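Read through the structure below, which is laid out as structure tokens, and then see the notes.
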């Protein structure tokens, strides 16, 4: 899906939703001051006014850590596609002629996802990237409390009941680990 993107901006948006588990509103509310490239951190900061009407859902500040590759993509986006002569510091801007430099809106991300679905033939929604992120963290052994905090959920049950999608193979793998631990105790 990432390879189907035609711009660094679009790749960065999808990577933030997939690798960071961010919602569209969280991605679009980002300002440059929220991104700490040297420490691979992104601060999600609720703000009362966003001209693109993108907001952080629970209005609670949090920090997520991301890969060096994602930060490198952010830097490339700034170098090759972003304009320094803007009157705002929103990270994501329109690249369309006539709208260039304006803060990107929610509908633009929905349109991006629709284009990627059409190009790849892979049916997905932006929010599925967030669900996939949560499921992969759990599969990798993250405690659900850490996943809850990373996703910004108020309740751990939301994370477990709505965001974690374990397959029969996941269940089999966990049971086999249990049997191995049990065997080692003998």
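Residue numbers (our numbering): 690 to 875.
A virtual CB, placed ideally from N, CA and C, is assigned to each residue, including glycine.
From a predicted model like this one, the values you see are computed outputs, not experimental measurements.
Contact check, residue i vs residue j, beta carbons under 7 angstroms
i	j	result
residue 724	residue 839	no
residue 747	residue 810	no
residue 801	residue 763	no
residue 854	residue 814	no
residue 770	residue 697	yes
residue 787	residue 772	no
residue 745	residue 798	no
residue 734	residue 708	no
residue 794	residue 739	no
Beta bridge counterpart(s) of residue i as assigned by DSSP
i	result
residue 682	This structure leaves residue 682 out entirely; the chain is present only between 690 and 875.
residue 792	782
residue 752	732
residue 808	Residue 808 pairs with nothing; no bridge assigned.
residue 720	779
Residues near residue i by beta carbon distance below 7 angstroms, same chain, minus five either side
i	result
residue 833	827, 845, 848, 849
residue 691	700, 703, 704
residue 721	778, 780
residue 710	819, 822, 823, 839, 840
residue 860	none
residue 736	718
Neighbourhood of residue i by C-beta, 6 angstroms cutoff - its chain only, sequence neighbours within 5 removed
i	result
residue 805	690, 693
residue 765	697
residue 865	none
Beta-carbon contacts of residue i that lie in its chain and below 8 angstroms, excluding the five residues immediately before and after
i	result
residue 858	none
### Query
Per the contact definition of three or more C-beta pairs closer than 8 angstroms, is the segment 779-790 in contact with the segment 711-725?
Look at the beta carbons and you see the segment 711-725 touching the segment 779-790: at least three pairs across the two are nearer than 8 angstroms.
### Message
With three or more C-beta pairs closer than 8 angstroms as the rule, is the segment 757-767 touching the segment 726-738?
### Response
Segment contact: the segment 726-738 against the segment 757-767, three or more CB-CB distances shorter than 8 angstroms; contact assigned.
### Segments of 4+ residues assigned as alpha helix (DSSP H) that fall wholly inside the segment 820-869
Segments of the alpha helix (DSSP H) lying fully in the segment 820-869: 833-840.
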